[in-house]
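Inspection log for the structure reproduced underneath, given as structure tokens.
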Amino acid sequence: MPGVKAYKFKLKTNPAFEQACVLTLDTCRELYNASLQERRVVCRVCR
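Here the sequence shown is numbered in our numbering, starting from 1 and rising by one per residue.
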């Protein structure tokens, strides 16, 4: 695709901020996986 730009930034973090980011990403991952599993179950039941 022409015209697509991507940027990379390096974050300067301290240990507390890094731990907060890890916790947030873990929570988001768990929520996404749970909702995906629920969607799969509903699709199987509704067939």
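From the three backbone atoms N, C-alpha and C, an ideal C-beta is built for every residue, glycine too.
This one's a predicted model, so the numbers in the text were calculated from it and none came from an experiment.
Coil, strand or helix - residue i by DSSP
i	result
residue 17	helix
residue 7	coil
residue 28	helix
Selection from the options that minimises the alpha carbon distance to residue i
i	options	result
residue 13	5, 6 and 22	22
Below-7 Å beta-carbon distance, residue i vs any chain B residue
i	result
residue 33	No chain B appears in this structure, which consists of one protein chain only.
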